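When the letters of the sequence shown are read in order and numbered with full-length UniProt numbering, they come out as residues 1 to 725.
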Amino acid sequence: MPKNSKVTQREHSSEHVTESVADLLAHEEPVDYKRSVLNVTGEAWDKQKDGDEELDGENRPAWNSKLQYILAQIGYSVGRCPERWSLPHPWNHPRGGAYLVPYLVLLIIIGLPLFFLELAVGQRIRRGSIGVWNYICPRLGGIGYASCLVCFFVGLYYNVIIGWSIFYFFKSFQYPLPWSECPIVKNGSVAVVETECERSSATTYFWYRETLDISNSISESGGLNWKMTLCLLVAWSLVGLAMIKGIQSSGKVMYFSSLFPYVVLVCFLVRGLLLRGAVDGIMHMFTPKLDKMLDPQVWREAATQVFFALGLGFGGVIAFSSYNKQDNNCHFDATLVSFINFFTSVLATLVVFAVLGFKANIMNEKCVVENAEKILGYLNTNVLSHDLIPPHVNFSHLTAKDYHEMYRVIMTVKEGHFKELGLDACLLEDELNKSVQGTGLAFIAFTEAMTHFPASPFWSVMFFLMLINLGLGSMIGTMSGITTPIIDTFKVRKEVFTVGCCIFAFVVGLIFVQRSGNYFVTMFDDYSATLPLTVVVILENIAVAWIYGTKKFMQELTEMLGFRPYQFYYYTWKYVSPICMAVLMTASIIQLGVSPPGYSAWIKEEAAEKFLFYPTWAMAILISLIILASLPLPLVFILRQFHLVSDGSNALSVTYKKGRMMKDISNLEDNDETRFILSKVPSETPSPMPTHRSYLGPGSNSPMEMSSAPNGRYGSGYLLASTPE
Numbered sequence: 001m002p003k004n005s006k007v008t009q010r011e012h013s014s015e016h017v018t019e020s021v022a023d024l025l026a027h028e029e030p031v032d033y034k035r036s037v038l039n040v041t042g043e044a045w046d047k048q049k050d051g052d053e054e055l056d057g058e059n060r061p062a063w064n065s066k067l068q069y070i071l072a073q074i075g076y077s078v079g080r081c082p083e084r085w086s087l088p089h090p091w092n093h094p095r096g097g098a099y100l101v102p103y104l105v106l107l108i109i110i111g112l113p114l115f116f117l118e119l120a121v122g123q124r125i126r127r128g129s130i131g132v133w134n135y136i137c138p139r140l141g142g143i144g145y146a147s148c149l150v151c152f153f154v155g156l157y158y159n160v161i162i163g164w165s166i167f168y169f170f171k172s173f174q175y176p177l178p179w180s181e182c183p184i185v186k187n188g189s190v191a192v193v194e195t196e197c198e199r200s201s202a203t204t205y206f207w208y209r210e211t212l213d214i215s216n217s218i219s220e221s222g223g224l225n226w227k228m229t230l231c232l233l234v235a236w237s238l239v240g241l242a243m244i245k246g247i248q249s250s251g252k253v254m255y256f257s258s259l260f261p262y263v264v265l266v267c268f269l270v271r272g273l274l275l276r277g278a279v280d281g282i283m284h285m286f287t288p289k290l291d292k293m294l295d296p297q298v299w300r301e302a303a304t305q306v307f308f309a310l311g312l313g314f315g316g317v318i319a320f321s322s323y324n325k326q327d328n329n330c331h332f333d334a335t336l337v338s339f340i341n342f343f344t345s346v347l348a349t350l351v352v353f354a355v356l357g358f359k360a361n362i363m364n365e366k367c368v369v370e371n372a373e374k375i376l377g378y379l380n381t382n383v384l385s386h387d388l389i390p391p392h393v394n395f396s397h398l399t400a401k402d403y404h405e406m407y408r409v410i411m412t413v414k415e416g417h418f419k420e421l422g423l424d425a426c427l428l429e430d431e432l433n434k435s436v437q438g439t440g441l442a443f444i445a446f447t448e449a450m451t452h453f454p455a456s457p458f459w460s461v462m463f464f465l466m467l468i469n470l471g472l473g474s475m476i477g478t479m480s481g482i483t484t485p486i487i488d489t490f491k492v493r494k495e496v497f498t499v500g501c502c503i504f505a506f507v508v509g510l511i512f513v514q515r516s517g518n519y520f521v522t523m524f525d526d527y528s529a530t531l532p533l534t535v536v537v538i539l540e541n542i543a544v545a546w547i548y549g550t551k552k553f554m555q556e557l558t559e560m561l562g563f564r565p566y567q568f569y570y571y572t573w574k575y576v577s578p579i580c581m582a583v584l585m586t587a588s589i590i591q592l593g594v595s596p597p598g599y600s601a602w603i604k605e606e607a608a609e610k611f612l613f614y615p616t617w618a619m620a621i622l623i624s625l626i627i628l629a630s631l632p633l634p635l636v637f638i639l640r641q642f643h644l645v646s647d648g649s650n651a652l653s654v655t656y657k658k659g660r661m662m663k664d665i666s667n668l669e670d671n672d673e674t675r676f677i678l679s680k681v682p683s684e685t686p687s688p689m690p691t692h693r694s695y696l697g698p699g700s701n702s703p704m705e706m707s708s709a710p711n712g713r714y715g716s717g718y719l720l721a722s723t724p725e
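Pasting the structure below:
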């Protein structure tokens with residue numbers, strides 16, 4: 001290089017040199033690439049170790065071990081289990097067994113391929129959801145922003161569930177459990193059972209009145225519930241502490257939060273199988289119900305749960321995989337986590353139906369006793385003849401079988417006046433079909449069943465500690481879906497942004513700890529994520545399979561993994577998954593139109609639930625949630641389609657210092673980048689990394705290898721260590 005060159009004059013200087021790339025490359029003497037490293041990134045960034053050592057990998061955190069990463073993905077995926085215990089979920093539905101086949105089929109043809117897709121793009125591009133989709137298709141960059149908004153909405157109400165679990169956890173350290181009996185109130189000098197509790201049940205009363213202190217409708221705010229406000233603060237504090245250092249802190253939390261729930265589930269399964277009636281519940285679960293499996297509603301709900309169970313579209317999966325090395329076998333990870341998720345669901349379902357079978361037997365026996373007393377009363381008043389009672393029936397030790405025989409005889413003889421007797425059939429099948437779902441499962445049905453366990457406080461503590469850990473694992477993934485892309489894109493300070501995000505979410509989340517807060521939880525769960533999430537996942541699939549190109553993507557995977565993925569993925573990405581998801585989205589829209597939005601309200605005076613329609617203002621909030629979560633998709637597309645904002649694809653920089661180069665290049669077209677940096681014709685420059693080629697956007701033919709150097713705005717970092725002169 002000429003002696004009067006600014007590069008030569010300041011070769012040994014510690015200051016950065018800046019001049020035009022055209023001026024730099026116009027010198028007669030070529031740059032000695034063998035002694036320099038070229039770093040092309042989206043910002044002027046330089047990091048040096050000692051002397052002439054090679055550049056560090058990009059300054060990006062990494063998992064301490066493969067086990068930590070797998071546990072994080074399992075914790076995020078399986079950690080969505082609190083929704084299965086405390087929000088509507090098909091496994092907990094009376095038809096729960098009918099979901100096994102649809103769920104498994106949809107997991108294989110939709111869940112696994114799309115989960116693999118998200119793992120692959122996150123690992124290859126090494127950015128959060130915003131950076132990944134900006135990079136693959138800038139016009140569809142709104143996918144990343146929409147994912148962040150959905151994560152925010154879900155995180156808002158999801159952490160309330162952890163707050164509920166924390167409340168029950170601390171209430172479990174007493175015997176008897178506070179929800180095992182109805183409270184006694186004094187009416188003057190007379191002590192009576194609380195009316196609302198007497199007309200419902202002890203566990204139902206404790207949930208609605210002692211825990212939520214719920215109002216009669218969503219329109220009656222009732223003010224803040226201070227107990228739940230405190231629990232929500234504790235929940236957000238736990239999430240903030242787990243997330244404040246990124247994966248350095250959350251990764252360590254995963255060792256406990258991901259493994260402990262399995263210990264508890266196995267303990268509950270063993271204990272549940274020893275309970276009287278557990279086999280009845282499990283047989284009910286596995287009894288084939290072909291009519292239910294052919295119900296389109298079952299398939300729609302199962303498909304929705306596949307999305308939620310695997311965390312598809314939230315951005316958490318992409319965020320976690322972005323901290324992996326690029327040669328990691330993400331196909332194995334996708335298969336492992338998907339089927340661990342499925343078998344965990346089956347394990348949890350076994351526990352649920354074993355315990356609910358036990359509860360159903362208790363309730364059935366109670367029904368038999370109550371109706372036997374009615375029959376005795378009718379016999380004593382001569383309403384019924386003693387001749388109707390089979391001779392072997394003993395009312396002192398009446399079995400369910402004897403009662404059913406007696407019930408059939410009375411129903412046959414008194415056919416005309418049978419309804420007036422008010423007798424119940426007391427069938428075990430009916431009790432099993434009454435098995436509640438949603439919040440009623442964890443906080444009513446399961447808590448009631450645990451009151452009949454020996455050492456019930458111990459089992460209650462274990463159960464709610466499990467829910468807290470499951471929720472924490474899922475919240476870490478959900479928050480990563482927000483923090484990772486924002487930090488990657490806007491370069492904000494991790495600790496400050498994480499703490500600020502938790503504080504802001506806590507303040508907004510106060511809407512869920514009003515006395516009417518449970519109704520808002522229902523609204524957000526039903527409408528804030530389902531439809532926007534389906535649209536996000538469809539666009540993710542289209543962006544990779546149709547815009548970037550399935551063949552090109554398969555080739556990139558082959559180079560990254562060292563083997564070619566099965567053709568199964570080619571056809572599912574290109575045809576099967578988009579069609580299935582389009583059908584699901586259509587069904588969801590039809591469902592919204594056919595079923596007027598509403599919620600189940602607890603009416604104190606009636607001590608019962610009643611379905612109410614949302615008022616006008618609540619409908620406005622509901623519609624706003626759907627629109628707001630979907631708004632980034634068309635907004636970003638319009639802005640970039642009409643070039644109202646830059647997609648950043650031409651913002652590159654070249655750096656050098658002591659044998660390295662630092663230059664600024666701006667306003668270069670994609671096809672000009674290689675010509676200015678390496679040679680006049682891109683095709684004339686051989687690839688310095690023959691075993692791989694870069695993961696570039698659609699239509700890019702650059703042979704440069706993406707490295708672990710600090711990437712640009714959309715993750716387009718490259719490392720050239722020995723380019724030929």
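Beta carbons: idealized from backbone N, C-alpha and C, even for Gly.
Computed from a prediction, not measured in an experiment: that's the story for all the values here.
On a CA-only basis, which of the options is nearest residue i? Give me that one, please.
i      : options                        : result
Met228 : Tyr575, Pro183, Phe637, Gly163 : Gly163
Pro176 : Ile389, Thr451, Ile70          : Thr451
Ala445 : Thr203, Leu233, Ile74, Leu107  : Thr203
Leu388 : Met411, Cys580, Leu398         : Met411
Thr287 : His397, Tyr99, Gly144          : Tyr99
Gln297 : Ile627, Ser624, Ser595         : Ser595
Thr572 : Trp546, Ser630, Ile282         : Trp546
Ala587 : Glu301, Ser250, Val253, Leu465 : Glu301
Phe506 : Trp236, Gly131, Asn328, Ala72  : Trp236
Ser646 : Pro138, Pro634, Ser221         : Pro138
Ala354 : Tyr403, Val150, Lys292, Val270 : Val270
Thr344 : Tyr262, Met293, Arg408         : Tyr262
Ala620 : Asn541, Gln567, Met523         : Met523
Gln305 : Asn329, Leu107, Lys419         : Leu107
Ala319 : Ile74, Lys171, Leu114, Thr478  : Thr478
Leu472 : Arg60, Ile74, Ala62            : Ile74
Lys585 : Met293, Leu625, Val537         : A small correction: the amino acid at residue 585 is Met; Lys does not occupy that position in the sequence shown. Among Met293, Leu625, Val537, the Cα nearest to that of Met585 is on Val537.
Ala201 : Pro615, Ala608, Pro634         : Note that residue 201 is Ser in the sequence shown, not Ala. Considering only alpha carbons, the answer is Ala608.
Go ahead and pull the three-state DSSP assignment for residue i.
i           : result
Tyr614      : coil
Tyr378      : helix
Val645      : coil
Asn216      : coil
Asn39       : Residue confidence for Asn39 is low, a pLDDT of 40 falling below 50, so the modelled location carries little weight; the figure read from the coordinates is stated next. Here Asn39 sits in strand by DSSP.
Ser165      : helix
Glu455      : The question names Glu, but residue 455 in the sequence shown is Ala. In the structure shown, Ala455 sits in coil (DSSP, three-state: anything other than H, G, I, E or B).
residue 786 : The question about residue 786 has no answer here: the residues shown for the chain are numbered 1 through 725.
Gly142      : helix
Gly240      : helix
Gly598      : strand
Ala202      : helix
Asp280      : helix
Take the Cβ of residue i as the centre, count every other Cβ of all protein chains shown within 10 Å, and call the residue buried at 16 or more, exposed below.
i      : result
Asp488 : buried
Ile529 : Here residue 529 turns out to be Ala, not Ile, going by the sequence shown. Buried, because 16 or more other Cβ atoms sit within 10 Å of the Cβ of Ala529.
Glu370 : exposed
Asp672 : Any reading at Asp672 is ruled out, since the residue's pLDDT is 42, under 50, leaving its predicted position unreliable.
Ala146 : buried
Ala455 : exposed
Ile503 : exposed
His331 : buried
Pro391 : exposed
His284 : buried
Ala618 : buried
Lys47  : Summary for Lys47: the model assigns pLDDT 36, below 50, so the residue's position carries little reliability, and this model does not support an answer.
Tyr168 : buried
What residues match up with residue i in a beta bridge as DSSP calls it?
i      : result
Asn187 : Val190
Leu224 : Gln514
Ile603 : Ala608
Gly111 : The partner list for Gly111 (beta bridge, DSSP) is empty, contrary to what the question assumes.
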